[in-house]
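To start, the structure under review is shown below, and the notes come after it.
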Amino acid sequence: MHPLRQRAIALLSLALIRRLGKLDETMKRLSAPAIAVCLAFLLFPRGEAASPFSRNKKPRTPKVTPGLEVLSLQKRQAAGPRKLFTLLDDEAIGARFVRKPIPKEALARMKFSSSLTHEDGMFGVCAGDYDGDLLPDLFYAYPYGGHRLYRNLGGFRFEDVSEKSGLTKIAADHWAVGCCFVDHDGDGDLDLFVAGTGDVNLLLDNQGDGTFRDRAVPLGISREGANVQMAFADYDLDGDLDGYLVTNRRAGDPPPPADVQVKATFNEGELSIEEQYREKYDVVLHPTERMRVVEAGEYDYLYRNDGTKYVDVSEAAGLRGTDQGLAASWFDYDEDGRPDLYVANDFFGSDRLYRNLGNGAFEEIARKILPHTPWFSMGTDVADVNNDGLFDFMGSDMAGSDHYKSKMGMGDMEKDIWFLTTSNPRQYMRNALYLNAGSGRFLEAAFLTGLANTDWTWSLKFADLDNDGRIDLYGTNGMTHDQINSDLVAKADALKDPEKKAAFWRATPPKRDPNFAFRNLGDLRFSPIAAEWGLDFTGVSYGAAFADFDGDGDLDLAVASLEDPVRIYRNESSSGHLLKIRLKGGKRNSHGIGAKVTVETDAGIQVRCLTSCQGYASANEPVLHFGLGDATKVKRLTVRWPLGAEQSFEDLPADRFLVITEPENATPVPPAAPSPTWFASSTALSAYKHVENNFDDFKVQELLPHRLSRLGPGMAWGDVDRDGDEDVFLGGASGQGSTLALNDGKGGFTQSPQPQFANKEMGTFEDMGALFLDADSDGDLDLYVASGGFDPRPNTLFLRDRLYRNDGKGNFAIDLHATSNLRDSGGPVAAADFDRDGDLDLFVGGRVIRTRYPLTPNSRLLRNDDGKFVDVSDTIAPGLRLTGLVTGALWSDYDGDGWVDLLVTHEWGPVAVWKNQEGKLVNASASAGTKDLLGWWTGIAGGDLDGDGDIDYAVGNLGLNTKYHASKDKPYLLYFGDLDGSGAPRIVEACHEGGILYPVRGKSCSTRAMPSLGKKFSTFHAFASATLPEIYSPKNLDTAYRLTINELASGVLLNDGKGRFTFRPLPRIAQVSAVFGLAFHDWDADGRLDLALSQNFYSPQAETGNVDGGLGMVLRGRGDGTFDTLRVDQSGLLLPGDAKALALTDLNGDTRPDLVATVNSSTPKVFLNRTTAGRTLVVRLVGPHGNLRGVGSRVSVKLKSGKTLVGEVHAGSSYLTGSSTDLFFSIPEGDETLSLTTRSPSGETFPQALKNASGLVQVKLAQ
């Protein structure tokens, strides 16, 4: 018999003996096993297994697999019309809350606390089977003394055993918040840790007889203070559980006086306050005050378990800061076999991510690998939300879940905007969902998944609530007072006395929000479903714990709340198969805390990590649950135990309770070695850093959606010194100057001195798009650079584009006579011989009008007339000059008629298609199907994605991971005009919610820009309640300049071969950030084009925050215009930061194309191609003077397999990129080339045999 089962029957026997009380002494002397046998016979006369989980089941199969016991579960009942969860009557089931008044002396001690309430309620809750009967019990922590322990009797009946367990005596007046069941001493039963808040910690040691004894003092963890929770894990891998104690700030401490003076020094990159003020105050960097004094929390503590005592090793381990912590999660984020630690901190202390170095020390790396964190972090949890086998995690904040709540919570952003733009890492008031991208890096995807704004959220709990095989999310909401209600905040701030301010808040009612549940639909889509599932209780809830209280395998729920302290929900699911797993660890980690379990079914893989606590102040039953959906069996189950041993089982039945025992003396299995990646990073260009001038665009147009002065840098590639390899021009920001770096042919670069680039006056130019071309037909590559920027201070002279002539030796000098005196703030530049006269003409896209965004700037079609560029826009391409806010451009023959056409991407506009009708350009967007595809488009690249011989296009967009939403029915709008009747034009953004149009910006920033709004809307409530036409008169809106976006996804335009396009979004995970640079190539040589992306956008206004969820991305083509995404650990492309241009070029002469990306305010990032599949054919066209590189040509390579590979030579594409003009073709394994056909820019076709070729092939075009 399983030991747990034997013990359960024994305890049941003893309990019956105690309750009968009148058995004679002979009966009382019977041993527990003997009584158990009698009871088993009496209770199960037909030979049913004597387990609380096997009633009405067939006898289980005897255990035959070492380390595995398969137990039956109680049968789930069909829910019928009921909701997924049913709230049970706590008193009827025996889990009655015993109210206890708050002592007066305690209230006096809390006089400075603004969060105190006179209502009593529970904060912490945890579940665990402390008495070994296989039924999880419940513990609730009461913040003012009077914790409750409820023993599970089965059948959703509980008994309050607080008194008989000894808990009442131990903790009668104990103040606490967080709690968890944990076997601290490894004796097999669950003990109980209770974090004292303003009190000592308790470690209640399970005596094995239903009672507990506090051993916190002798074990060294009784610390008194603002303790919140202890997260347990075996961080040093010695077989026992260590603990990380999360602390906060004592609620009764006063805030720092306004005139307080403190000293601080820098220590390892962080400010450190003088000792006398630590744990009272802290300091953060401030852009104008140097330092701002803020409230501090207490030190957190790392306790190492040395067998007989816990030892404080916090300082030696490298823990930092006096943050106001609220939660922590241990998990091995980088798959190196060592548990790492994430800590959620409130207010100005950023969240911490500690990487376990394996030597007892930790490295705090949040700012290195997390793009941003929540500002007011409260809860955290770990799960694999996309079933890719890697652990993701999430942190909660308190962003409003709808327009009204959002605008009520925004307050006066002017007070806090400094912190939004200077914190490191950035901290934003919204939830963060970190998707593990492999190689120890994370994407951030809260907006993309719909999980960014969930109100004042405490506990986040990941679990598969409907057993469909996908992890869902549950969360608790609410607060004792609505301290983000901006109207109340204004009243409170008017009170200068801290005690009066606290009293003001205590007199306000609680902020009652509905709890939430999101169903995981797959593909990073979550649907709000709390109401349908019966989990939308509106009130103030804190901790939450999942456990299988009735033994049927699905997850039930216990919640700790303010007004209804004990809330217990029964899961009524009857669909979806499942698996429940209890781990029995070796050494002193009896429940296997820290183990990773992987389950593989026909639907794919799922993984779970067993953690000791989750959410806020709470902990689930330490048992793992897997929903299996339609799968009736598990093909393979693998446990990776905390010390590294691995154990696998195959062909397991679904709908069972598995008890898995760690094998003794098992040999640890080293973590799997990383697989080869497509790319390896290189420092080849790390000497050249882009330095942004940091102009504040919002000083000239306060309501801009984003900065327009930091849109670079661009780059251009070409062989300027005629040594056979490609050199690079790197654009500079205004005030920096440009750079030319020469390639040594082996992938190394040296800067080429260019006096005019370094000239101080020339440095005033803001470089945007650039490309190399033989402008004067003298046989060498000259350089054209578009000038741009938004800063109105420089003379308009510095908006002139520049042509630098090459002297044939790589020395460049500006030729002002070659360009017209046009003073447009430009963006992209692209070259082609649109008129077939043998030289290259230019399109230069107008990016913006300084101080007048979003009015349309001038774009220019510049014809090359004997080396001088003449604006022929209005005569050759009517309408092109005012096409819109241009972000990208590409000359390409989209309709296959031999004449190169022009495709143009716009911000607030379409992907415009300009058809070349024998030297005249006509807007053909309507017939091409792109006229009404309105986006925040950024760049464009061309390639044959579906192998049909024509050119398809990839287009970058803002993505789906922002606060903005757009569709054809509910577009995202921008108005520009005199919207407040003041005579001054202003910007107003608007989005739809529930079919109603609201302003995007809040009251404070809107009224600063338009003071009349302050008179019209005296309160935040009034502004937040008003629709767009109630704030701005319909007449003013109707007369304003209006722009529309109805598509925010990046995607591809699939060409039907007849010049009409179908838009198809890129994979959902690719929408995690804005896409700028794009580059096509078949890197894995499977005959299908792949796509590389540069991502992120650091220019949005502070309330929006950086669009920074991406790391760059490689998409593997399927050959039909769709893609599979590669993680960082698969592609090797790791491109964090504000990445912009992306170029394809062969840096090191191995014929396999590499990638180079520019990054605003950083160095270029180089990725060397490490693929080995297939062979590469490089086609380099040699054209006549004027078009040396055959720009505009189309090349087709016919293979023995019958497949034809197609490429075009572009000069200017992607985003601000002049890529290599070499064409790179991958020849799949087992295939070979037969012939090559070149169609020149003039439309002539030149076929030639090309038998089994690879490497570099030069093709000379007719002169």
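Quick note: the sequence shown uses the working numbering, first residue 718, plus one each step.
From the three backbone atoms N, C-alpha and C, an ideal C-beta is built for every residue, glycine too.
On a predicted model such as this, the values are computed, not experimentally measured, just so you know.
Given residue i as reference, the closest of the options once Cα atoms are compared
{"i": "R1427", "options": "L1662, T1875, D1271", "result": "T1875"}
{"i": "R1299", "options": "V1376, S1469, Q1473, Y1333", "result": "V1376"}
{"i": "A663", "options": "R1777, G1794, K1775, R1833", "result": "Nothing can be reported for residue 663: it is not among the residues displayed for the chain, which extend from 718 to 1980."}
{"i": "N1772", "options": "D1871, L1651, S1609", "result": "S1609"}
{"i": "N1037", "options": "D1063, S989, S1699", "result": "Sequence inspection shows Arg at residue 1037; the Asn mentioned does not correspond to that position. With distances taken between Cα atoms, R1037 lies closest to S989."}
{"i": "S879", "options": "E1925, R813, G960, D959", "result": "R813"}
{"i": "S1723", "options": "A1658, A1741, Y1570, P971", "result": "A1741"}
{"i": "A823", "options": "R865, L790, D916", "result": "D916"}
{"i": "V977", "options": "L954, M1008, K1720", "result": "M1008"}
{"i": "E1483", "options": "V894, L1459, G1429, T1536", "result": "G1429"}
{"i": "T1962", "options": "G1909, W1173, L1488", "result": "G1909"}
Element boundaries [alpha helix (DSSP H), containing residue i]
{"i": "C1326", "result": "C1326 -> not in any alpha helix (DSSP H); beta strand (DSSP E) instead, spanning 1321-1326."}
{"i": "S1723", "result": "1720-1726"}
{"i": "F1474", "result": "1472-1475"}
{"i": "N1076", "result": "Where N1076 is concerned, there is no enclosing alpha helix (DSSP H), given that its DSSP letter is neither H nor E."}
{"i": "N1753", "result": "1751-1756"}
{"i": "R1223", "result": "1215-1223"}
{"i": "V1136", "result": "A quick correction: the sequence has Phe, not Val, at residue 1136. Note, F1136: alpha helix (DSSP H), 1130-1139."}
{"i": "K1085", "result": "1083-1086"}
Identity of the residues DSSP links to residue i by a beta bridge
{"i": "M1008", "result": "L1002"}
{"i": "I990", "result": "A981"}
{"i": "Y1689", "result": "I1762"}
{"i": "E1363", "result": "R1357"}
{"i": "N1337", "result": "In the DSSP output, where bridge partners are listed per residue, N1337 has none listed."}
{"i": "D1444", "result": "G1435"}
Residue i, enclosing beta strand (DSSP E) - first and last residue
{"i": "F1263", "result": "1258-1264"}
{"i": "W1800", "result": "Premise fails: W1800 is in no beta strand (DSSP E) and is neither H nor E."}
{"i": "P1574", "result": "Per DSSP, P1574 belongs to no beta strand (DSSP E) and is neither H nor E."}
{"i": "D1063", "result": "1057-1063"}
{"i": "E1419", "result": "Element bounds for E1419: n/a, residue is neither H nor E."}
{"i": "Q1847", "result": "Note, Q1847: premise wrong, no beta strand (DSSP E); alpha helix (DSSP H) at 1845-1848."}
{"i": "D1591", "result": "Premise fails: D1591 lies in the alpha helix (DSSP H), 1590-1593, not in any beta strand (DSSP E)."}
Residue i in three-state terms, based on DSSP
{"i": "M827", "result": "coil"}
{"i": "F1048", "result": "strand"}
{"i": "P1245", "result": "strand"}
{"i": "C1330", "result": "coil"}
{"i": "R772", "result": "Since pLDDT at R772 reaches only 32, below the 50 mark, its modelled position is unreliable, and no value is offered."}
{"i": "M1994", "result": "Lying before the first or after the last residue shown, residue 1994 is absent from the chain, which here runs from 718 to 1980."}
{"i": "Q946", "result": "strand"}
{"i": "K1733", "result": "helix"}
{"i": "I1944", "result": "strand"}
{"i": "Y1121", "result": "helix"}
{"i": "W1092", "result": "coil"}
{"i": "T1839", "result": "coil"}
{"i": "I1377", "result": "strand"}
{"i": "D1210", "result": "helix"}
{"i": "P1387", "result": "coil"}
{"i": "P935", "result": "helix"}
{"i": "A757", "result": "Confidence at A757 is low in this model, with a pLDDT of 38, below 50, so its placement is unreliable and the value that follows should be read with caution. Correct three-state label for A757: helix."}
{"i": "D1508", "result": "coil"}
{"i": "V1914", "result": "strand"}
{"i": "N1978", "result": "Inspection of the sequence shows that residue 1978 is occupied by Leu rather than by Asn. In this structure, L1978 counts as coil in the three-state DSSP scheme."}
Secondary structure, alpha helix (DSSP H): runs of 4+ residues fully inside the stretch 831-914
884-888
Whole alpha helix (DSSP H) runs in the stretch 1604-1665 with 4 or more residues, listed along the chain?
1642-1645
Enumerated in chain order, which unbroken segments of the alpha helix (DSSP H) with a length of 4 residues or greater are wholly contained in the stretch 1147-1180?
1163-1166
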